[in-house]
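Heads up: the structure comes next, in structure tokens.
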Amino acid sequence: MARRGRTEIREEQREILKSFFREGMTRVGSPIIPKAASATGLEPCVIENWIGNYRRCFKTSSEPRRTKLKLHTRELSPYNLFCRDLLRNKGTMNDIKGRWATLGDDEKQKYFKEAAALRLQGQAEDLSPEMRELKIKKHLKQLKIEVSKLEALGVESSILLFDPQNSSLEVYELRSKGATDLFDAMDGVNDFGLHYKACASAASPSTKDHVDVLIKKVQELFNQKYKEAGGTGRLPYQSLMNQSVTVTAAGLPNGLTLRKPSFYGRNQLETILKHANQISFQISKQKLLYHYFILYHTNIFASICHSDAAQCSTAQELSEDMDAEDERVHTNSP
Numbered sequence: 017m018a019r020r021g022r023t024e025i026r027e028e029q030r031e032i033l034k035s036f037f038r039e040g041m042t043r044v045g046s047p048i049i050p051k052a053a054s055a056t057g058l059e060p061c062v063i064e065n066w067i068g069n070y071r072r073c074f075k076t077s078s079e080p081r082r083t084k085l086k087l088h089t090r091e092l093s094p095y096n097l098f099c100r101d102l103l104r105n106k107g108t109m110n111d112i113k114g115r116w117a118t119l120g121d122d123e124k125q126k127y128f129k130e131a132a133a134l135r136l137q138g139q140a141e142d143l144s145p146e147m148r149e150l151k152i153k154k155h156l157k158q159l160k161i162e163v164s165k166l167e168a169l170g171v172e173s174s175i176l177l178f179d180p181q182n183s184s185l186e187v188y189e190l191r192s193k194g195a196t197d198l199f200d201a202m203d204g205v206n207d208f209g210l211h212y213k214a215c216a217s218a219a220s221p222s223t224k225d226h227v228d229v230l231i232k233k234v235q236e237l238f239n240q241k242y243k244e245a246g247g248t249g250r251l252p253y254q255s256l257m258n259q260s261v262t263v264t265a266a267g268l269p270n271g272l273t274l275r276k277p278s279f280y281g282r283n284q285l286e287t288i289l290k291h292a293n294q295i296s297f298q299i300s301k302q303k304l305l306y307h308y309f310i311l312y313h314t315n316i317f318a319s320i321c322h323s324d325a326a327q328c329s330t331a332q333e334l335s336e337d338m339d340a341e342d343e344r345v346h347t348n349s350p
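See below:
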């Protein structure tokens, strides 16, 4: 069977199709397609293919794709934790080998301590809400498989589950067929749900902050500690990863390391806020001077580009301003 060649659409035909598209020819099977075929001389199937291609042009490729969280059952090694932080801060796989090899002993020790802490904790209370939900789904799937296997062996079973942290407050039911017939004739499931919903309502304070609110509070706390240590603006997490700025955090509770607040779980965020007065930052002086140097010269460049008055400044005047600022920075440094 001969393959049909690709039909080339000329520019004038394309403009005619666009005008019909604006008139409502936006889907396959549109009643306007025969009229467009007559106006352009193209076959209806060619026009239908063009409609699909043209519609895809309106989908913005710049929209960030929502990354699907993965549940890893293996224990995290120090190297895996380093890869996690690097990739989350827009690093690439090509950077990992070289960066880990050149990482200082102090930095590697932080990852060794964090890995050891995670192995010791292993508790659901330190999971982020997303990871907790993934773990629950994994166990529910395993329970469903086990109920089916037991039913194949002639065992009737029924499992009722209630998650007080789920906003829907639903009761999950996993049953074999025989148990389903029995429970349908009873009111046990309803009683089970009412009991635990009442307990959940009494135990959950309405003033409990959402995780996003806690993350925002910790961000503000870290920014404030960074300013108190002599930094300017917000804490530069990307610069920390690039090691162009070194910030040592003291007083973080439970052996936590300095990371983006979104990387902490609910309980860790709450613990950090409780110990806010004990937390302090120290910035490496050499890195800080370099940071000020870049910031100052960036501001001067921006003023030259955007200020009409700056266009009158001479190169000699700009050099004198920069030299004066450098002398002031070095004079103030210890």
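Residue numbers for the sequence shown, in our numbering: 17 to 350. The beta carbon of each residue, even a glycine, is placed where N, CA and C say it ideally should be. Small disclaimer: the values here were computed from a predicted structure and weren't measured.
message: Could you check whether Q235 and A266 sit closer than 8 Å to each other, using their CB atoms as the reference points?
response: On the sequence shown, residue 266 is found 250 positions in, with the first residue counted as 1. On the sequence shown, residue 235 is found 219 positions in, with the first residue counted as 1. No. Outside cutoff.
- prompt: By the 10 Å Cβ neighbour count, where 16 or more other Cβ atoms means buried, how is L103 classified, buried or exposed?
  reply: Taking the first residue of the sequence shown as position 1, residue 103 is located at position 87. Per the 10 Å Cβ criterion, exposed.
- request: Indicate whether the contact test is met: 3 or more Cβ pairs, each with one atom in the segment 61 to 75 and one in the segment 29 to 49, closer than 8 Å.
  value: yes
message: Tell me the DSSP secondary structure of S173 in three-state form.
response: Translated into the one-based positions of the sequence shown, residue 173 becomes position 157. In this structure, S173 counts as coil in the three-state DSSP scheme.
message: Along the chain, where does the beta strand (DSSP E) containing R191 start, and where does it finish?
response: Residue 191 sits at position 175 when you count from the first residue of the sequence shown. Looking at the DSSP string, the run of the beta strand (DSSP E) that includes R191 is V187 to R191.
field: P9 classed as buried or exposed, judged by whether at least 16 other C-beta atoms fall within 10 angstroms
entry: Limits of the chain in this structure are 17 at one end and 350 at the other, which puts residue 9 out of reach.
task: Verify whether the separation of the beta carbon atoms of Q353 and L272 is less than 8 Å.
output: The question about residue 353 has no answer, for the chain in this structure spans 17 to 350.
query: To which residues of the same chain is Q29 closer than 8 Å at the C-beta, ignoring the five residues directly before and after it?
result: The count along the sequence shown starts at 1 and reaches residue 29 at position 13. T56, G57 and L58.
message: Can you give me the C-alpha to C-alpha distance between M147 and E130, rounded to a whole angstrom?
response: Indexing the sequence shown from 1 puts residue 147 at position 131. Indexing the sequence shown from 1 puts residue 130 at position 114. The straight-line gap from Cα to Cα measures roughly 18 Å.
Counterpart residues of A245 in DSSP-defined beta bridges: Looking up residue 245 in the sequence shown gives position 229. Paired residue(s): none; A245 is not in a bridge.
message: Can you tell me whether G120 is buried or exposed? The criterion is at least 16 other CB atoms within 10 Å of its CB, across all chains shown.
response: Taking the sequence shown and counting its residues from 1, one reaches residue 120 at position 104. Looking at its Cβ environment, which holds fewer than 16 other Cβ atoms inside 10 Å, G120 is exposed.
message: Buried or exposed, going by whether 16 or more other CB atoms sit within 10 Å of the CB of K241?
response: Reading the sequence shown from its first residue, position 225 is the one you call residue 241. Result: buried.
Residues that DSSP places opposite T264 in a beta bridge: Start at 1 with the first residue of the sequence shown, and residue 264 comes out as number 248. Looking at the DSSP assignment, T264 forms a beta bridge with Q298.
- request: Look at the Cβ atom of I175, then the Cβ atom of V163, and state whether they are nearer than 8 Å.
  value: Here residue 175 corresponds to residue number 159 of the sequence shown, with the count starting at 1. Here residue 163 corresponds to residue number 147 of the sequence shown, with the count starting at 1. In contact: I175 and V163 (Cβ atoms closer than 8 Å).
query: Between F128 and W116, is the Cβ-Cβ spacing less than 8 Å?
result: Here residue 128 corresponds to residue number 112 of the sequence shown, with the count starting at 1. Here residue 116 corresponds to residue number 100 of the sequence shown, with the count starting at 1. Against a cut-off of 8 Å, the Cβ pair of W116 and F128 comes out as no contact.
- prompt: Starting from D101 and walking both ways along the alpha helix (DSSP H), at which residues does that stretch end?
  reply: Locating residue 101 in the sequence shown gives position 85, where the first residue counts as 1. Taken as a continuous stretch (DSSP letters only), the alpha helix (DSSP H) holding D101 covers P94 to R104.
message: By DSSP's criteria, F178 is part of a beta bridge. Which residues make up the other side?
response: Numbered from 1 along the sequence shown, position 162 holds the residue referred to as residue 178. Beta-bridge pairing links F178 to V187.
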